[in-house]
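For reference, the structure is listed below as structure tokens.
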Amino acid sequence: MEPILIFDEKKAKEDAKELKEKILASLKAQLEEVRRKRERAIGPDAYNFYWQKEKELEKEIQKISTFPGV
């Protein structure tokens, strides 16, 4: 006889919300570090590199922040 698996939707949503918060916290920390590096960048190539990374992280944070269902 196979074990019966019970799906706890409330627990799944709580876990998903917790994971989302951890991911957002990590991305925000990365964003702050990239901003600090951009401010200290020497030369336009380095500045542009960090500026691009900053924009990518901001876009990713926005995408995850508005993720439906969590």
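At position 2 of the sequence shown the residue is numbered 143 (our numbering), and the sequence of numbers has no breaks. Where a beta carbon is used, it is the ideal one built from N, C-alpha and C, also for glycine. Quick caveat: nothing in here was measured; it's all calculated off a predicted structure.
Rounded to whole angstroms, the Cβ separation of Lys-178 and Tyr-191 is 5 Å, and the two are in contact under 8 Å. The region 186 to 200 makes no contact with the region 157 to 165: fewer than 3 CB pairs, one atom from each, lie closer than 8 Å. The C-alpha of Arg-181 lies about 57 Å from the C-alpha of Ile-145. Per DSSP, reduced to three states, the secondary structure at Glu-195 is helical.
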